[in-house]
Structure formats: C-alpha cells, structure tokens
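First the structure, in the form of structure tokens, and then the observations on it.
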Amino acid sequence: RILDKNIVVTRGSFNTTEVQQGKSVSGKVTDSTGGSLPGVSVVLKGTTTGTITDANGNYSINNIPANATLQFSFIGMKSQEISVDGKTTINIALSEETFGIDEVVAVGYGTQKKATATGAISVVKGENLIQSPTTNFANSLAGRFAGVTTVTSSGEPGNDGASIRIRGVGTTGNASALIVVDGIAGRNLNTIDANDIESVTILKDASAAIYGARGANGVVLVTTKRGKIGKPKVTFSLNQGISQATVLPEMANSAQYATMVNEINYYATPASGRNQTFSEAEITKFGNGSDLWQYPNTDWYKSVLKPWTNQNSQNMTISGGNENTQFNISVGARNQDAIYQRSSTGYSQYNFRSNVDTKITNDISIVFDVAGREEIRKNLAPINTSIVDPFSSAVGAGDIYQYILQGKPTMNAFWPNGQPGPDIENGMNAAVVATDVPGYDKDKLDVFESNLGVRINIPWVKGLSVKGNVSVDAQFESRKIWKQPFNLYAWNGRDASNLPLPLLELKKGPGKASLNQAAQSMRTVTSNALINYVRQFGAHSVDALAGYERSATKVDRLSAYRGSFPTTALDELVAGNANTATNTGDEGTSVPGRAYWDASARVSYFGRVNYGYAEKYLIGFVWRYDGSNIFAPGHQFGFFPGFSAGWRVSEENFWKENLSFISYFKIRGSYGTTGNDRVQPYQYLANYGYSTNQGGEYIFGGVADPLLNQTVVPNPIVTWETAVQRNIGFEAQLLNNKLGVEFDYFHNSRSDILLPLNGTVPGSTGITTSLPDMNMGKTATKGVDIVLSYKDKINALTYNITLTSSYAKSNVDYMDEVIEGVPSYQLITGKPIPNNIRSPYYELYYQAIGIYKDQAQIDNPAIPHWVGARPGDIIFKDVNADGKIDVNDRVRDEYNNTPRFTGGLNIDLKYKQFDLSVLFQGAAGATQTYLPYSGLLGNFPKDFADNRWTPENTDASYPRATNLSEYWYIQRTTFFLHRTDYLRVKNVVIGYTLSPKVIKLIRAESLRFFVSANNLFTFTNFKNFDPEMNNERGRGYPVQRVVNGGITLTF
C-alpha cells in the first residue's frame, strides 16, 4: 500500500486507521481580547480523546485523523467545533456567552427568546439546581430567584416539601404558586428527580394571565430534559449523605426543673415554703446522677432522636439520538431514614422518565413522554387520634415533638434496666411512641404520567403549525394504619434492702389491635389543541398562538376498619373481628358516609400574540377564558387578559453612540388580570350532614336515629379571587457583558377573596358557623425584585456571582370586621394579612415592655398593672393610656409569618479541574410566636432556666417560672413573639473533575467527585428552633442539615 508517499508492506490484517491517526494538532486558545485561556477542554468529537489548555492557553493532541472535528469548550464561553481538514495547527478565539438574552426560555404553552420577552420572567438551569444535596427538589429553589420565597417548615422524610410563594402572600386562601411540568398543570414538584430537570422558569407578573383562574399566585414552569442529536450518552450519579437537625432546643436539666417546680408552688402558696415538691437533698441527687432509678436526668431529645441518619440517591440517564429520533431516559431511587432512635419511619422513592421526540416527516413530529414513580412512606402511628378517614389522619410527627417537649427531665424515658419508662400524658411516652412498637402508618403511592403530542407544520402556509396533546395522569394510593397494645412501666420504689422493686406493667394503646385500611385512585385527563403562527416580515416579527384545553379529574376512595384482632401476628383485615367491621374506615362510629368520591373539570380557551419591530419595539398580549364546574352555572367562566410592552433601548443608534458600555438595556412593563380558583369546591350547593347530638336526631320505634341537617348555607354567587398585576422593570448588561442588572417594581391588587361575615353578622348571633364565606376581601401587595450578576476570569480562575433580593409587603385593604367600639390599632384593615383569618383576634398581643423586678414597681401608680400581678411577671404597656390593663391594650402585629425580605447570594468558582459553589440564602421581616410547654405540663428551655426571674435575680431577661395557667402567660404577648430573620449557608458544593488524559484510561467521557452540604450553617437570633418553623409550640419535625458525597460518571 502507498501511504504518505511511502510503500508499506503489511499482512492482510493491517489496520490502516492506525497509520492515519498518526498526526498531531496543536495551537492556542484565547478570548475575544486575545488573552490566553487556560483550562479549555479540547476533545476529539465522538470520542473521549482530549486534553486541556495549559496556563498560556496552549494545547497539543495526538493521533488525530485528518477529517476529524475538535470541540473546544469552557465555562462562560460559547463552545465551538473546528474541522481539522489536515491542519496541524489550529488557533481559536472563544467568545463569551451573552448573559442569556439570546437563550430561549419557557413561557406559557411555548417558548420565547429572553431578549424579546416583555414579562417579568426568571430562569434557572437544572445544572445549577442539581448541586443541592436535598432529596426534595422544591427545596433547591431557595435563594435562586428574586421574588420567590420557599419555606421548609418540616424535615420529615417524604413530608419535607417546601411551600413556594411568589412575590409574597396576597390572599388569605391558598397562596401557593401553580406548578406546571412539561406543560401539564398540577403535577408534583417535590418528587421530581433533580437529574431530570432542564430548567425552571418563574412567571411573576401578567405573563401568568395565560393560566387564567389559576395564575394569581404566579406560575412555576418546569421543563424536563430531552434528547439531543449525538451518540448515546450514559450518566451515572451516586449520592450518599447524612442528615441531622439544624437546631434542637437545649432543655433544663432535672435539678433545674425540680428547682423551678418548687418555685412555681412557692409562688402559688408562699406559706408552704420553698421546697414543697422536692427537697434540697433530692435536687442534689438529680444533679449528681447518684440514683438514676428515682432521680434521673433525662434528655428527652437524645432519648428519642439519633444525632444523625442516612440518606442516599442514585440515578442513571441515557440520552442521545439521530436526526429523526432523540431520547432521554432516566431511572432513579432515593431513600431517607428518619432521625428517631429506631429507624421505624422513612421514605423511599423509585422513579423513571422517558422523553422521546420523533420526526415522522419533515412536517410531522411526535412527542411521547412517560414518567412514573412509587413512593413508600413509613410514618408513626397516630396513637392518640381516633381515625375518621385514613387519608386525612395526622401523620403523628407533631404529636411526638409535643411529647418530647412535655417530657420532664425528672422522669425516665427508659429505666436503668432498659425497660420503657412511665407515661407522660394520656398514656404517651415519646421514646416508645417514636418507634413501631405501638403500631405503624404505611402509605404507598404509585404515580403514572404520560403525554402524547403531535405537531404538524402546514407546508402551504409558511410559519403556521398545529399541535395536539393528550395527557393522562393516574395515581393509586393505599394506606394502612395499624394500632396495637404496648407496655410502659412504672417504678414501685425499693424493698427493705434498698433494691429496686420489680417494675409495674402499664397496658397502653387499644385493648386489642385494630387496622384502618384505605385505597384511593385519581385520574386526570388533559387534552389541548394549539395553532401557532410565527413569521418574520422584514423587521417585523409575529408570534401568535391560540388554543383550547380541557381537563377532568376523578377521585374515588374506599376504606375499611376492623378491630379486636386476636393476635398482632397478622396485620390484615381478614384477621380482625368481623363484628367491628365498617366499610367507611371509621373506628366503629355509627355515622355513615365516610367514603369519598369527587369529579371536577375545566374548559379553557387561551392565546398569546407577540409583535416585535427589529427586536427593538415589543408588544405582547395573553388571555385566557376559563371555566370550572366547581362554581354555579352562570358564574363558571371568566376572562383574564394580560398586556405587556418592551423597548430595547440599547438597539437605538443614539444609545450605541453614547452609551456603548451598556451593551444591553431593555425597559418593560405589564398589566393584567389573573384568578385564584383554588377554593373549597361546590360552595353554591347546600351542605348536609348527619347529627346525633341532642335535638339532632329523631326517634323511630324507640330508637334514636341520626337526622340529616343542613350544616352550611349555600352561596349561589361564589366565584374565584381576582388579581390585578402591575409591573415595570428593566434589564441591563454592562462592562462587556460581565455585569448584569435586573430591576422590577410590582403592585398587585387582590379582590373577591372568600372571607367569613365577621362584621355583618356578629358571632354573638350563634349562626356564623352556618353561613357561607363571601367574595368580599381585598388585599394589596407592593414590592421590588432585584438581580445583580457579575462574571469574569482571572487566568485559570473563572467566577460567577449572582445576588437576588426581593421585598414584598401585603396588607388587607378590606374585610368584613366589627368596627364599632374597636380601637383602630386592633383593626385588620390596613394591617398585614393575618396568619389565620378564621381567628383574626387571636393575633392581638399585649406589648411587653419589661419584667416587674419587685413589689415596689407593681405598686408604682405610673405603671398600670392587672389585678394579681406579682414580681417576676411581664409588664404590659398601657396602650390607650387609660391607667389600666385590659383587652383594649392589645395591638396587632405589624408582621406575619411570611418574610418581607428574601434573597440569595450564589458564588460559582472554577479553577482547572476544581469547582466550588456556595449559596447564601436569607429572609427577614417575619415573626413567629414560641410558647413552650413549660411548668407542671412540661420542661423549660435551658436559656429560660438560666436567666429567669427569681427573688435573687431581679434583673433577669425572662419572667419567673410559671404554669400555663398564669394570666400573663396565657395572654398573647409580644414577649413570646420573635423575629425570624436569618441568613443560611444554604448550599456548598466542592467538586473535582478528572482531566481528559486520565478519563480516557477508563474509556469514559467525564468523572466528577464532589462533596456537598445543605443548610450547613444558620445565623439567627431566633432561639431553640429553626427560623422556618411554623408552629408556636415547636410541634414539628426539625428542618434538616445534610452533608453528602457523590460521583457523576458519564460514558
């Protein structure tokens, strides 16, 4: 053979490719200014062969075929492909990626270029969100979007989802954003595998009007990954982590608690002395641990909870395709154990997703997506709850933490011989109830989601296409709540030899085991048809969309109950006593009708028109005509329009000539109407229920039978809330696209909020609970969103810094409330939206201005007090200056539990093969009451015990030890109302990616090792609990800190 002018003699098996691959290619990579770019990846396309540029931007790569193609890529730069064409030297200059103005982002029922979008839209790519080690995807959104608040009030496995609020809370009803996944509304965001996410887009203004009666709270658009043309790529991701509570309260020890119990009794009956319950000798024994049988020092948190627990997740994704068919298929699993000492609870999930795009002809293409998951939850049995409906029963975590807080350190969680201790209250012992000894609550949910879409380009009308989609989502859920007898043990003292007597067995729980079992199915079918026209006429561009959509949901539930099981060995209904059976899931109640069935449907017509001239002058219009069967005929349909306009001022010649350092500047504004129909359905119908109360039954044959009564009067004109959204803002890019700025001011008004008739019909009439809510509430929300970003490089170091911040304040403009005789400072109108509109006067507080040091201060006429006040009590302010303390001195809190300020600071660094990402996230401007179960009912926090008032410590920061029955304690007071401002190190990721030279040894494309942490540190003045806790008693599973390690391997 003749190769390169040489005569080569070979055997028949000679591979000429080996000789052809003998060439080397070298060169230099620079940026647009000519500066060297170190760390650029240079890879032979279609292989794992490659290298990276050195500190001077130089590279050299061997064995390159003459017809090969080299791929050059670098973070922050546009990737390029260069054909070798026999060349041995290739120098290339990479240009910086624009900040995203040219990228295409998801909008309602379509996509749009960011540069020409006229709405307030925020986008984050999935590759940024996947860095968080949290197993719940919704939690990874915190701090990454301006104007988006995520609150994670629980860390319980399987129940740790975040509530997502966009631009504050503008309603007393459901304020959660609408979730749309791959175009289908209402799907679950919490359970999506983060590896499947391509991007998340937030619609914050009138752009949400295309979702009509569901868009008032904003819209979260989630786009999952799709296949791309190229050889199949397989990616494995493995994560192993541990989790622990971000904070747990430190409680008083047994010696401190015994001392405070003595103080409480002394304050009640001073004549009986200071040691009415515990002697000084006994308090000493509590402190020195000399007798753990009689004088224990129990830390109930440590007795019930582990210091940390395990979690892990795995994912495998296969992606690729040719010009006709592309696919992205993934499977994943995750497991979380709870932090209880015995791993009796936890959460497991197994999921898959397949997205396939197929081109039938040049004008016809098909999309077929299928996803599914199985969720298995193991919860604590609700021991102290009578089950009425298995699907609506409490999980039980709140009760556990109540029992922990009520646990007294002077009582044993376990006796020294290992047996469980006595009950705390109502037969409960948290250390036992937090196990599966009393029973279990198991739930299995299987979810199937599918979407089939067909797109047809009309060949005889340029730019015209039609699209049809059918989606079927189905859920099948089963639940078993098993309760069984269990034992606690009481100590009976010592014998004559001072040895402990045998423990007394205390039977707890039901007399015999019982089982509640239920099954539920839900199916939602959504279909839509869209016609889209996209054309460019010279400098004019038109993008018009019109569509029709219909969705219908059916829910069916069946439940059963049996009790008096003869054995706990078989936890199936068939083993229970047939005489106790009900087909309603009730625990033996005679009230019929607990089974459940529901059906709902909506029909919608919607559209969008975008017009642009030279991509400079921009106008947009969206609309939706929504109808829902949950409202009465004649009130089922509504029209929701949205208008927007934008001006890319930087495209004007005068700008380019005078302000060229600002390469991009766009002004935009929007105005529109959206709705919120997530209200109790069918309020236009009369509600009836059976009553067995006296007077609510009838006698037939000497037997009292339940009577069917009307429970709530219907509201025939009930409708959705209406929101008017106004927004004006600008986007800019400066300093060669290194600095980005976004600013938005918004003013949203909400009307027709469903509220009770508190003022028109006073509660004294006794009929308010039977009256329907009316569409009469009004609120207003004002605020700003700001985003600042900066990216650059210093030699081999590249960095990207993004700051997001938002302020949103919501007030009540009108509600039906009693005005006559009520001080203006107690009215709700003009104040922040109450946390609980059903109990608005529960949120009135006495203003705490100090603690009475001694009796002389109480006797001071300049300081009014209530009857019975004593030293160590909280001093209340005489707000109306009438010389007395009464209910008219209560004031309304100027805040609620929704933060007004939210923000995040994200720092991404990359140096050669190393990468570091740090996300700081914070919130401010919210309050939360914390009122512990203290006194004879439960223990005191340690900081209270250390700093409480006593006759010897009159300059204390806390009042005297007390029971919950004390007047100044049971009255709501600002002393126990705390600001929950905080700053978190929300997420930290450190990674190392092996160089191409090493990777090719294992025939892989990339291999990255990383460690990460979520909720690593929290800085706050809120004591004892996490600042996102949303329970004034501390009754809730603690928010978790997660530390994780993992690898990502791609072939």
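So the sequence shown is numbered by the working numbering: it starts at 9 and just counts up by one.
All residues carry an ideal CB built from backbone N, CA and C; glycine is no exception.
Predicted, not measured: the structure shown is a model, and the values here were computed from it.
Residues near residue i in its chain [Cβ-Cβ closer than 6 Å; skip 5 each side]
{"i": "Glu-457", "result": "Ala-379 and Asp-481"}
{"i": "Gln-865", "result": "none"}
{"i": "Val-563", "result": "Met-530 and Asp-606"}
{"i": "Leu-460", "result": "Phe-376 and Val-478"}
{"i": "Gln-29", "result": "With a pLDDT of 48 at Gln-29, under the threshold of 50, the modelled position of this residue cannot be trusted, and the question is left open."}
{"i": "Leu-229", "result": "Ala-114, Val-188 and Thr-209"}
{"i": "Thr-561", "result": "Thr-532 and Ser-608"}
{"i": "Tyr-1045", "result": "Ser-162, Gly-163, Glu-164 and Ala-405"}
{"i": "Ser-549", "result": "Gly-620"}
{"i": "Gly-628", "result": "Thr-126, Asn-618 and Ser-652"}
{"i": "Gly-601", "result": "Reliability of the predicted coordinates at Gly-601 is poor, the pLDDT of 38 falling under 50, and the value obtained from them is presented with this limitation in mind. There are no such residues."}
Contact set for residue i: own chain, Cβ-Cβ below 8 Å, skip 5 residues either direction
{"i": "Asn-844", "result": "Tyr-850 and Glu-851"}
{"i": "Gly-596", "result": "At Gly-596, the pLDDT of 48 sits below 50, so the modelled position is not reliable and the matter cannot be decided from this model."}
{"i": "Met-419", "result": "Pro-304, Thr-306, Gly-429, Pro-430 and Ile-432"}
{"i": "Gln-855", "result": "Phe-884, Lys-885, Val-887, Asp-897, Val-899, Thr-981 and Thr-982"}
{"i": "Leu-985", "result": "Tyr-853, Asp-901, Thr-935, Gln-936 and Thr-937"}
{"i": "Pro-510", "result": "Asn-500"}
{"i": "Glu-206", "result": "Lys-133, Gly-134, Thr-231, Thr-232, Lys-233 and Arg-234"}
CB contact flag (residue i, residue j, <8 Å)
{"i": "Gly-642", "j": "Ser-612", "result": "no"}
{"i": "Ser-362", "j": "Ile-384", "result": "no"}
{"i": "Gly-555", "j": "Gln-492", "result": "no"}
{"i": "Glu-331", "j": "Gln-357", "result": "no"}
{"i": "Tyr-975", "j": "Gly-876", "result": "yes"}
{"i": "Asn-500", "j": "Lys-516", "result": "no"}
{"i": "Ala-224", "j": "Gly-683", "result": "yes"}
{"i": "Phe-1030", "j": "Tyr-990", "result": "yes"}
{"i": "Leu-538", "j": "Lys-470", "result": "no"}
Residue from the options with nearest C-alpha to residue i
{"i": "Ala-577", "options": "Asp-377, Ala-521 and Asn-585", "result": "Ala-521"}
{"i": "Gly-566", "options": "Ile-539, Arg-487, Asn-637 and Trp-631", "result": "Strictly speaking, residue 566 in this sequence is Leu, with Gly absent from that position. With distances taken between Cα atoms, Leu-566 lies closest to Arg-487."}
{"i": "Leu-796", "options": "Tyr-833, Ile-836, Phe-738 and Met-782", "result": "Phe-738"}
{"i": "Asp-923", "options": "Gly-829, Asn-808 and Ser-161", "result": "Asn-808"}
{"i": "Thr-38", "options": "Ala-889, Arg-632, Asn-425 and Ala-804", "result": "Ala-804"}
{"i": "Asp-901", "options": "Ser-847, Gly-891, Lys-839 and Ile-893", "result": "Lys-839"}
{"i": "Thr-97", "options": "Gln-139, Gly-35, Glu-104 and Ala-150", "result": "Gly-35"}
{"i": "Ile-1061", "options": "Glu-729, Gly-791 and Asn-744", "result": "Look at the range of the chain in this structure, 9 to 1059, and you will see that residue 1061 is not part of it."}
{"i": "Gly-858", "options": "Gly-880, Asn-182 and Ile-841", "result": "Gly-880"}
{"i": "Ala-1012", "options": "Ile-90, Pro-240 and Leu-211", "result": "Pro-240"}
{"i": "Tyr-2", "options": "Gln-929, Lys-746 and Tyr-497", "result": "A question about residue 2 goes unanswered here, because the residues of the chain that appear run from 9 up to 1059."}
Identified DSSP bridge partners for residue i
{"i": "Ala-607", "result": "Lys-562"}
{"i": "Tyr-854", "result": "Arg-898 and Thr-981"}
{"i": "Asn-914", "result": "Thr-810 and Leu-927"}
{"i": "Phe-484", "result": "Asp-454 and Ser-529"}
{"i": "Val-830", "result": "DSSP output for Val-830 lists no bridge partner at all."}
{"i": "Asp-551", "result": "Val-542 and Asn-618"}
{"i": "His-643", "result": "His-643 is not bridged to any residue."}
{"i": "Met-85", "result": "Glu-104"}
{"i": "Arg-956", "result": "Tyr-966"}
{"i": "Phe-422", "result": "Pro-428"}
{"i": "Leu-747", "result": "Leu-742 and Tyr-798"}
{"i": "Val-478", "result": "Leu-460 and Ser-535"}
{"i": "Arg-992", "result": "Gln-929 and Thr-1026"}
Proximal residues to residue i (C-beta, below 7 Å), its chain only, five neighbours per side dropped
{"i": "Pro-770", "result": "Val-826"}
{"i": "Gly-42", "result": "none"}
{"i": "Thr-179", "result": "Asn-684, Glu-729, Arg-758, Ile-761 and Thr-787"}
Closer than 7 Å: residue i CB and nearest the ligand MG heavy atom
{"i": "Asp-213", "result": "Among the ligands in the structure shown, none appear at all, so the ligand MG cannot be discussed."}
Touch test, the segment 127-140 against the segment 73-85, Cβ-Cβ under 8 Å, three pairs minimum:
Segment contact: the segment 127-140 against the segment 73-85, fewer than three CB-CB distances shorter than 8 Å; contact not assigned.
Would the segment 906-917 count as touching the segment 1011-1024 if we require 3 or more Cβ pairs under 8 Å?
No, the segment 906-917 does not touch the segment 1011-1024.
Does the segment 812-824 come within contact of the segment 144-163, defined as at least 3 CB pairs closer than 8 Å?
Contact between the segment 812-824 and the segment 144-163 is present, because at least three Cβ pairs lie under 8 Å.
Inspect the CB distances between the segment 645-665 and the segment 196-210 and report whether three or more fall short of 8 Å.
Too few Cβ pairs lie closer than 8 Å, so no.
Evaluate the contact criterion for the segment 735-754 versus the segment 673-681: three or more CB pairs, one atom per stretch, below 8 Å.
The segment 735-754 vs the segment 673-681: in contact.
Taking one C-beta from the segment 341-353 and one from the segment 363-373 each time, how about it: are there three or more such pairs within less than 8 Å?
Fewer than three pairs of CB atoms, one per stretch, sit closer than 8 Å, so the segment 341-353 makes no contact with the segment 363-373.
Inter-stretch contact at 8 Å, needing at least 3 Cβ pairs: the segment 260-280 / the segment 1019-1036:
These segments do not touch.
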